[in-house]
Each structure stands twice: as structure tokens, then as C-alpha cells.
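Residue numbers (the UniProt record's numbering): 1 to 213. Some notes on the structure that comes next.
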């Protein structure tokens, strides 16, 4: 016999028309590209009139800006809203968990980013530069604690994790042909997360702090 919940739960409001349009645009842009997507096709996907799209976002450029701001917010909240733990805590594991959460909770954002990085648009530049800054700061912390091999090229140390992550995102359809389940499956993400972290630990970190630390 099921029990009644201890607290009343208010009904969740339906997404607003603007929210539906934004999500529809995000999916259409990811699937077809921005240039090939019209306001009419977005309106059809959102099941609203083209006039309502124009009412909320004005022009196609305004809609693209709104989608980019939404995607940037998802990435910023998912990756950088909280500081990474300081060494000797497992910063590799933590950043991997945050990336995996975005892939599970916002697959449409991942699809959009994959196309943005291929197209090389301004959003891709902004997100990539932000991720480089986070990665470089992570390596600075490891070096300060004597946990980084002294012969490591720091520029590539910051770039390699991004190549592993973003390359996986962009090639995931091909990668999935070699996996027993989709990459977004929690078990497969856990395997990938662990493999990337182990690769970085084994190739870039020293066995022990350097002398004097």
C-alpha cells in the first residue's frame, strides 16, 4: 500500500511558450545548424506560431543570442559554479563528474556544443577559453602542491583534458559503435570518466610531492 507524501507537492507549472521556443531552437540548431534553421521551423517544433517566436525573441539573431546565453549558463553552472577542491583532493574526478552531469541532464546542450565547436563560432571560443582557464588553474594548484611532474609542458597539460573531453563529445556517435550502450548511459559515462582521470594521473602527475614542498 503506497503512503501519501508527508508534504503537499505543488504541481509543476508547464514550460512557458518562451521556454518551449528556446528548447526547440536549441534542438533545431544542434540538428540542422543555425544557418539552415528558419524561425518557421523553430515555431513548428515548438508548436507555436511564428508570430509568437518573433514576439519573444524578435529576430533570428535574437533567438540565437538567447540560445547561446542559455547554453553558456548551463556550462558555467555545471562546471564552474563551485570551486574545484584543492589538492590533494581528486580534482580530476570532480571535474569529470561535473562534465558527466551535463551530458546526462542536458544532452541537447551537448549536441549544440558539438556543432558549435565544429563551426567555430563565438560561443565555442567563449566556452573553450573559459575551460582552458579552469584547466590551467587546476594544473597551477597541482604544481603548487608539488604534485605535477616538473618536465610537463604546462600549455599542453591544460589543453589535453579538453581535447579528451571535447573530442569525445564531438565523436560520440562513432565512439558509441564500440560501446555496449550509449555514452550517456551512466555506466558508460562512469567508465569514460574513470579512464580519462587515470590517463591524466598516470601521464602528468608525479608519484610524490617534490622536495621542499
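The beta carbon of each residue, even a glycine, is placed where N, CA and C say it ideally should be. Since this is a predicted model, take the numbers as computed values, not measurements.
Per DSSP, residue 26 has no beta bridge partner at all.
In this structure, the alpha-carbon of residue 83 lies about 14 Å from that of residue 136.
With a 10 Å radius around the Cβ and a threshold of 16 neighbouring Cβ atoms, residue 151 comes out exposed. Distances from the alpha-carbon of residue 71 to those of 177, 173, 132, 122 put 122 closest. A direct Cα-Cα distance of roughly 24 Å separates residue 40 from residue 114.
Secondary structure at residue 171: coil, using DSSP grouped into helix, strand and coil.
By the neighbour-count criterion, in which 16 or more other beta carbons inside 10 Å mark a residue as buried, residue 106 falls on the buried side. Taken through DSSP and simplified to helix, strand or coil, residue 147 comes out as coil.
Collapsing the DSSP output to three states places residue 106 in coil. In this structure the segment 153 to 166 lies against the segment 120 to 134, because at least three pairs of beta carbons, one per stretch, are closer than 8 Å. Between residue 64 and residue 109, the CB-CB gap reaches or exceeds 9 Å.
With 16 or more other Cβ atoms inside 10 Å of its own Cβ, residue 96 counts as buried. When secondary structure is reduced to three states using DSSP, residue 138 falls in the helix class.
In the three-state reduction of the DSSP assignment, residue 186 falls in the helix class. In the structure shown, residue 161 adopts helical secondary structure according to DSSP, grouped into three states. Collapsing the DSSP output to three states places residue 61 in a helix. Within the same chain, and ignoring the five residues on either side of residue 172 in sequence, the residues whose Cβ sits closer than 7 Å to its Cβ are 183. With 16 or more other Cβ atoms from the protein chains shown falling within 10 Å of its own Cβ, residue 193 counts as buried.
In this structure, residue 67 lies away from residue 53, with their beta-carbon atoms at least 9 Å apart.
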